[in-house]
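Trainee:
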Amino acid sequence: MSDPISTLRKILDLEAARGYGDDAVVGGLSEYARIWHMEMVAQITGKESAERAAHITQLLSDYALTPLEVRPSTVRHLRESLAAFTAGPRPATATEPSKPGRPARPWASACRA
Numbered sequence: 380m381s382d383p384i385s386t387l388r389k390i391l392d393l394e395a396a397r398g399y400g401d402d403a404v405v406g407g408l409s410e411y412a413r414i415w416h417m418e419m420v421a422q423i424t425g426k427e428s429a430e431r432a433a434h435i436t437q438l439l440s441d442y443a444l445t446p447l448e449v450r451p452s453t454v455r456h457l458r459e460s461l462a463a464f465t466a467g468p469r470p471a472t473a474t475e476p477s478k479p480g481r482p483a484r485p486w487a488s489a490c491r492a
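Taking the working numbering, the leading residue of the sequence shown gets 380, the next gets one more, and so forth.
#1: Alpha helix (DSSP H) containing residue 397: first to last residue?
#2: Do the CB positions of residue 415 and residue 445 come within less than 9 Å of each other?
#3: Please state the DSSP three-state secondary structure of residue 407.
#4: If we ignore side chains and look at the alpha-carbon of each, how far apart do residue 384 and residue 462 end up?
#5: For residue 404, which residues in the same chain have their Cβ closer than 6 Å to its Cβ, ignoring the five residues on either side in sequence?
#6: Between which two residues does the alpha helix (DSSP H) carrying residue 437 extend?
#7: Report the option in 399, 392 and 458 whose CA atom is closest to the CA atom of residue 436.
#8: Within this structure, are the beta carbons of residue 397 and residue 440 separated by less than 9 Å?
#9: Between the Cα of residue 407 and those of 429, 419, 394 and 431, spot the shortest distance and give me the residue it belongs to.
#10: In this structure, how does DSSP classify residue 453 when only helix, strand and coil are distinguished?
#11: Where residue 421 and residue 409 are concerned, what is the direct C-alpha to C-alpha distance, given to the nearest angstrom?
This is how it looks when you write it as structure tokens:
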């Protein structure tokens, strides 16, 4: 199985080289979105990765409807989103606190009521 992240990076490079005409792959990026998503779902784990993949899939799906002058920034955004997969999970920030772990016995709190 090929690496869908590397494959999409190459496709985006070709899309930019061809002037953002949505002809880097047969059928355009919108058609490729379904294939890419299926390949990613087979490889990803975790909610954050699934959300990233869904976001990228949505951008790809909407690409054919994206005005030509906006496509360069869309491709840039897609590349940045792909880079997030290799960067790993984002650390928690002050505005995004860490989520507490699940209690060892979630039914125990209901018994005390």
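All C-beta atoms in this analysis are idealised placements derived from N, C-alpha and C, irrespective of residue type, glycine included.
If you're wondering where the values come from, they're calculated on a predicted model, not measured in any experiment.
Mentor: In terms of the structure at hand:
#1: Walking along the sequence shown from the start, residue 397 turns up at place 18. Looking at the DSSP string, residue 397 is not in any alpha helix (DSSP H), and its letter there is neither H nor E.
#2: For the purposes of this step, residue 415 is taken as residue 36 along the sequence shown, with counting starting at 1. For the purposes of this step, residue 445 is taken as residue 66 along the sequence shown, with counting starting at 1. No, they are not a contact pair.
#3: Numbered from 1 along the sequence shown, position 28 holds the residue referred to as residue 407. Here residue 407 carries a helix assignment [DSSP, helix/strand/coil].
#4: On the sequence shown, position 5 is the one that residue 384 refers to. On the sequence shown, position 83 is the one that residue 462 refers to. Roughly 9 Å between the two C-alpha positions.
#5: Position 25 of the sequence shown, counting from 1, holds the residue named residue 404. 390 and 411, listed in sequence order.
#6: In the sequence shown, the residue the question calls residue 437 occupies position 58. Residues 426-441.
#7: For the purposes of this step, residue 436 is taken as the residue at position 57 of the sequence shown. When only C-alpha atoms are compared, the closest one is 458.
#8: Position 18 of the sequence shown, counting from 1, holds the residue named residue 397. Position 61 of the sequence shown, counting from 1, holds the residue named residue 440. No, the pair does not count as a contact, with Cβ atoms beyond the cut-off.
#9: Position 28 of the sequence shown, counted from the start, is the residue given in the question as residue 407. The shortest C-alpha separation from residue 407 is found at 394.
#10: By 1-based counting over the sequence shown, the position of residue 453 is 74. Note: residue 453 maps to helix in three-state DSSP.
#11: As a working mapping, residue 421 is identified with position 42 in the sequence shown. As a working mapping, residue 409 is identified with position 30 in the sequence shown. When rounded, the separation of the alpha-carbon atoms in residue 421 and residue 409 is 20 Å.
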